[in-house]
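See structure below.
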Amino acid sequence: ETGVTQTPRHLVMGMTNKKSLKCEQHLGHNAMYWYKQSAKKPLELMFVYSLEERVENNSVPSRFSPECPNSSHLFLHLHTLQPEDSALYLCASSQDELAGGGEQFFGPGTRLTVL
Amino acid sequence: GQNIDQPTEMTATEGAIVQINCTYQTSGFNGLFWYQQHAGEAPTFLSYNVLDGLEEKGRFSSFLSRSKGYSYLLLKELQMKDSASYLCAFLYSSASKIIFGSGTRLSIRP
Chain L
217 ETGVTQTPRH LVMGMTNKKS LKCEQHLGHN AMYWYKQSAK KPLELMFVYS
267 LEERVENNSV PSRFSPECPN SSHLFLHLHT LQPEDSALYL CASSQDELAG
317 GGEQFFGPGT RLTVL
Chain X
3 GQNIDQPTEM TATEGAIVQI NCTYQTSGFN GLFWYQQHAG EAPTFLSYNV
53 LDGLEEKGRF SSFLSRSKGY SYLLLKELQM KDSASYLCAF LYSSASKIIF
103 GSGTRLSIRP
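For the protein sequence lines, the chains are L and X, in the order given. Numbering (our numbering) for the first sequence: 217 to 331. Numbering (our numbering) for the second sequence: 3 to 112.
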């Protein structure tokens with residue numbers, strides 16, 4: 217595997233379910249990110265991890281819970297989601313934090329549908 | 003607050019030149035990015051500007067004026083594969099606080 221991978225690619229869940237999204241980067245990067253991309257809305261930064269520590273949390277509801285067990289893996293745990301949470305969830309990584317022009321490499325995304 | 007504006011859609015002709023503008027309002031500006039996103043795919047990095055002026059990279063160039071809160075992406079010798087959304091994003095306040103614009107959907111006609 218190369219680059220940034222995400223699983224699953226598609227997920228359908230009910231509002232009472234608990235599921236997790238997984239992201240893995242094979243680039244040796246130190247920073248990882250979760251984004252939400254909804255139709256007709258800008259890409260929204262949700263969480264940033266640098267060296268496995270959370271450095272940004274953009275007022276995301278607590279029904280989204282990130283976990284970064286090591287610098288190569290990032291999870292997004294989902295529980296009691298709402299239909300408006302249906303979106304494409306993108307993971308990205310960069311060598312270091314973005315100041316100084318850090319290029320982010322994005323994964324293919326997980327298309328989430330909440331029923 | 004932080005606002006970022008770019009046109010929603012643009013159309014251009016194959017072989018021509020197109021300029022996509024982006025304006026932003028912010029304090030704590032720390033850099034500006036351009037990303038390309040083809041339909042159904044993830045964004046890919048195009049450029050980064052932190053100082054005023056033009057950065058050229060092949061057919062693509064990006065310009066920044068910090069005093070005017072303004073950037074543009076210039077695409078030359080347009081090809082059909084350049085049909086995509088172009089996302090302007092700026093970094094503010096901290097090392098990783100980034101805000102994306104809504105994107106400009108560029109369509110190239112033969």
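The beta carbon of each residue, even a glycine, is placed where N, CA and C say it ideally should be. A quick note: this is a predicted structure, and the numbers were derived from the prediction, not measured.
Residue-level contact to chain X via CB, residue i, 8 Å cutoff
i             : result
residue 330/L : no
residue 314/L : yes
residue 320/L : yes
residue 271/L : yes
residue 255/L : no
residue 292/L : no
Partners in chain L for residue i, counting only beta-carbon separations shorter than 8 Å
i            : result
residue 55/X : Result: empty, since nearest Cβ-Cβ is about 14 Å, beyond 8 Å.
residue 33/X : 314, 315, 316, 317
Contact set between residue i and chain L, taken where Cβ atoms lie within less than 7 Å
i             : result
residue 5/X   : Those do not exist, as residue 5/X stays about 11 Å from chain L at its closest Cβ, beyond 7 Å.
residue 50/X  : 317
residue 47/X  : 319, 320
residue 17/X  : By Cβ distance, chain L contributes nothing, its closest Cβ being about 29 Å from residue 17/X, past 7 Å.
residue 30/X  : Correct list: empty, because the minimum Cβ distance to chain L is about 11 Å.
residue 44/X  : 306, 322, 323, 324, 325
residue 102/X : 258, 259
residue 66/X  : Neighbours of residue 66/X on chain L: none; closest Cβ ~12 Å, over 7 Å.
Residue i and residue j closer than 8 Å at C-beta
i             : j             : result
residue 247/L : residue 310/L : yes
residue 5/X   : residue 27/X  : yes
residue 294/L : residue 100/X : no
residue 319/L : residue 288/L : no
residue 80/X  : residue 41/X  : no
residue 73/X  : residue 62/X  : no
residue 111/X : residue 15/X  : yes
residue 45/X  : residue 89/X  : yes
residue 317/L : residue 220/L : no
residue 304/L : residue 327/L : yes
residue 314/L : residue 93/X  : yes
CB contact check: residue i to chain L, cutoff 8 Å
i            : result
residue 62/X : no
residue 23/X : no
residue 89/X : yes
residue 75/X : no
residue 93/X : yes
Status (buried if at least 16 other CB within 10 Å, exposed otherwise) for residue i
i             : result
residue 252/L : buried
residue 269/L : exposed
residue 54/X  : exposed
residue 11/X  : exposed
residue 243/L : exposed
residue 22/X  : buried
residue 306/L : buried
residue 298/L : exposed
residue 300/L : exposed
residue 228/L : exposed
residue 58/X  : exposed
Within chain X, the residues that residue i reaches when beta carbons sit closer than 7 Å
i             : result
residue 247/L : 98
Contact test: residue i Cβ vs the ligand NAD heavy atom, cutoff 7 Å
i            : result
residue 82/X : Here there are no bound small molecules, and the ligand NAD is not part of this structure.
Min CB distance residue i to chain C below 8 Å
i           : result
residue 5/X : Reference to chain C is not applicable here, since the protein chains of this structure are L and X.
Only counting runs of 3 or more residues, tell me where the beta strand (DSSP E) segments fall wholly within the stretch 254-319 of chain L, in order along the chain. Look at the stretch 254-319 of chain L and you find these whole runs of beta strand (DSSP E), each 3 residues long or longer: 260-266, 269-273, 280-286, 289-295, 303-310.
Note down, one range per segment and in chain order, each alpha helix (DSSP H) of at least 4 residues found wholly within the stretch 13-67 of chain X. Unbroken alpha helix (DSSP H) stretches of 4 residues or longer found wholly inside the stretch 13-67 of chain X: none.
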